[in-house]
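Protein chains: 2
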Amino acid sequence: MNSSILTIGHLARQTGTKVETIRFYEKNGLLPEPSRTEGNYRAYEPDHLNRLSFIRRARDLGFSLDQIRALLTLSDNRGQSCAAVDAIASEHRAKVEKKITDLMALKAELDRMIDQCECGIVDDCRIIETLSPK
Amino acid sequence: MNSSILTIGHLARQTGTKVETIRFYEKNGLLPEPSRTEGNYRAYEPDHLNRLSFIRRARDLGFSLDQIRALLTLSDNRGQSCAAVDAIASEHRAKVEKKITDLMALKAELDRMIDQCECGIVDDCRIIETLSPK
DNA sequence: TATGACCCTATAGCGTATACAGGGTCATGT
DNA sequence: ACATGACCCTGTATACGCTATAGGGTCATA
């Protein structure tokens, strides 16, 4: 096999992605279908590797696949205004902020609940009591 | 129809749960199967309502359905030690804490990325640049 | 030639619901 | 007596982002 082409395994190792995940990205339109070898293996080029790296970074930052699809399209049209990019990122940041606030409120409730538990029998358990209807 | 029995719609309205979700809880062993009316409608009793309220409170606090199943079993055996209850709740709290830490780190990265964006054209966009491989 | 690492497709599963199709039942109004 | 519409039933598909499995084919190396 031509040693200069990239197999799916190469892409996987170089980006810390599972092979199945790469095929999943292809099926879902995030990675373009590469050409195939005679033996029907996917034959990737450096551009595919770049694109996959982009996807993985964005996933690490919590962007959804829909958002990443949009970001990729924008990044392919480099003359356009980057306001749309900013909008996607800002919307995502706002969601992350909201999640943090929600989780902190949740944690406060869990703290209250757990700190009351004196760990006797369930019948006296404040945790169960908190969950049970009045 | 006997007006003292509770239909699935009653349970739904009284707990802020969708009807489909109640059937889903039943199928997944969280709510016991109620008896049926002649017309094959589910006929709930007050105990079912209490149990569903318990489930919804626990869900609001972010417990998984598995954890809730365990909590329900524990709450049905009121003489047992409540250490197991405490363990479930504490484990959940730890996960929530970890999620908060992770999300705060994520937000810091998003802040860094977004604050650099001067909203010109995509070609100069710091957001796209951050995501792209070097 | 045989082994084992790698690749292929197709399908099902995870968790927590939500939605929809295609039908049956019930209370109410005329 | 019947029509309407609100409600209920089952079964299946969908969402998200993968992960796993079955059952097979290809490739490099010993």
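Those protein sequences? They're chains A and B, same order as listed.
So for the first sequence, this note's numbering puts the first residue at 1; every next one is plus one.
So for the second sequence, this note's numbering puts the first residue at 1001; every next one is plus one.
The C-beta atom is built at its ideal place from N, Cα and C for all residues, glycine as well.
- Neighbourhood of K1099(B) in chain A, by CB distance below 7 Å: L103, in chain order.
- Residues of chain B whose Cβ lies closer than 8 Å to the Cβ of V85(A) are, in chain order, C1117, V1122, C1125, I1127, I1128.
- In the displayed model, L1006(B) falls within a strand according to three-state DSSP.
- Taking 8 Å as the CB threshold, A58(A) lines the interface with chain B.
- Looking at T7(A), L106(A), L49(A), the one whose alpha-carbon comes closest to that of S1132(B) is L49(A).
- Y1025(B) sits in a helix when the DSSP states are folded into three classes.
- Contact check for L1052(B) against I1008(B) fails: the beta carbons are separated by 8 Å or more.
- The C-beta of P34(A) has 16 or more other C-beta atoms within 10 Å across all chains shown, which makes the residue buried.
- Restricting attention to R1036(B), K1027(B), R1042(B), T1037(B), the CA atom closest to the CA of L1011(B) is found in R1042(B).
- The beta carbon of R36(A) sits closer than 7 Å to those of R42, A43, all from its chain and outside the five residues before and after it, given in chain order.
- A straight line joining the alpha-carbon of S1081(B) with that of R1013(B) spans about 34 Å.
- Rounded to whole angstroms, the separation of the alpha carbons of I1055(B) and S1064(B) is 10 Å.
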